Amino acid sequence: MAFWLFKSEPSTWSWDQQVARGEAGEEWDGVRNYQARNFMREMKLGDRGFFYHSQKDKAVVGIVEVCAESHPDSTTDDDRWDCVDIKAVRPFEHPVTLDRIKQEPALADMVLVRNSRLSVQPVTGDEWHQVCALGKTDPG
DNA sequence: GCCAACGTTGGC
DNA sequence: GCCAACGTTGGC
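Under the working numbering, the first residue of the first sequence carries the number 425, and numbering increases by one thereafter.
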């Protein structure tokens, strides 16, 4: 199983909205970046991801699961763009802020730190467990 | 609100 | 195929 990070502006699509979708999940549409799309094409059912709020919060706020593998993005007729569906698994008891992540030498190589503009990113197993520990949240 | 970083576009 | 111009993102 692989780990990922999904970034969203809470004013556009928030964790609360994601939770409200329940088991049905939600299409992670609107991505118009090849790198981000390619990562989504690699995703498998059951892969886990962090849900990150950009802008005001700048924090990992929850854990999501891939509940549909890559398929055409329904918000465009342009067949270049694919996306996955994700559903909320559990919130972070203590959201892990970008500041906190940057304080952690072991997390200095996270894509979130290195390339803050990429909206869908891979996360290593080590990074996954460390961020979960910082957030006092079950990584499983 | 500013600006650096980055990706995309289009002219050559 | 290069690169300048432009638009967008997101941290500060």
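All C-beta atoms, glycine included, are put in the ideal place defined by N, C-alpha and C.
Please read these numbers as outputs of a predicted model, since none were measured by experiment.
Hey, out of the options, whose CA is closest to residue i's CA?
{"i": "Met425", "options": "Asp562, Trp552, Thr561", "result": "Trp552"}
{"i": "Gln554", "options": "Arg524, Ser540, Leu542", "result": "Arg524"}
{"i": "Lys468", "options": "Val488, Ala483, Arg456, Gly454", "result": "Val488"}
If you check the beta carbons only, do residue i and residue j fall under 7 Å apart?
{"i": "Val513", "j": "Val490", "result": "no"}
{"i": "Gly559", "j": "Ile510", "result": "no"}
{"i": "Thr561", "j": "Glu517", "result": "yes"}
{"i": "Val544", "j": "Phe474", "result": "no"}
{"i": "Lys482", "j": "Thr521", "result": "yes"}
What are the boundary residues of the beta strand (DSSP E) that residue i is part of?
{"i": "Trp428", "result": "427-432"}
{"i": "Arg456", "result": "Here Arg456 belongs to no beta strand (DSSP E), and DSSP marks it neither H nor E."}
{"i": "Ala483", "result": "483-496"}
What does a CB cutoff of less than 7 Å around residue i pick up in its chain, not counting 5 residues either side in sequence?
{"i": "Ala460", "result": "Leu542, Ser543, Val544"}
What residues in its chain sit with their C-beta under 8 Å from that of residue i, if we drop five residues either side in the sequence?
{"i": "Trp452", "result": "Phe430, Met464, Cys507, Val508, Asp509, Ile510, Val544"}
So, is residue i buried or exposed, given that buried needs 16 or more other C-beta atoms within 10 angstroms?
{"i": "Gly470", "result": "exposed"}
{"i": "Ser432", "result": "buried"}
{"i": "Tyr476", "result": "buried"}
{"i": "Arg504", "result": "exposed"}
{"i": "Gln442", "result": "buried"}
{"i": "Arg565", "result": "A query on residue 565 cannot be resolved here, the shown segment of the chain reaching from 425 to 564 and no further."}
Where does the unbroken alpha helix (DSSP H) through residue i begin, and where does it stop?
{"i": "Gly470", "result": "Taken as a continuous stretch (DSSP letters only), Gly470 belongs to no alpha helix (DSSP H), as it is neither H nor E."}
Which same chain residues, not among the five before or five after residue i, have their C-beta less than 6 Å away from its C-beta?
{"i": "Trp439", "result": "Phe475, Val485, Gly486"}
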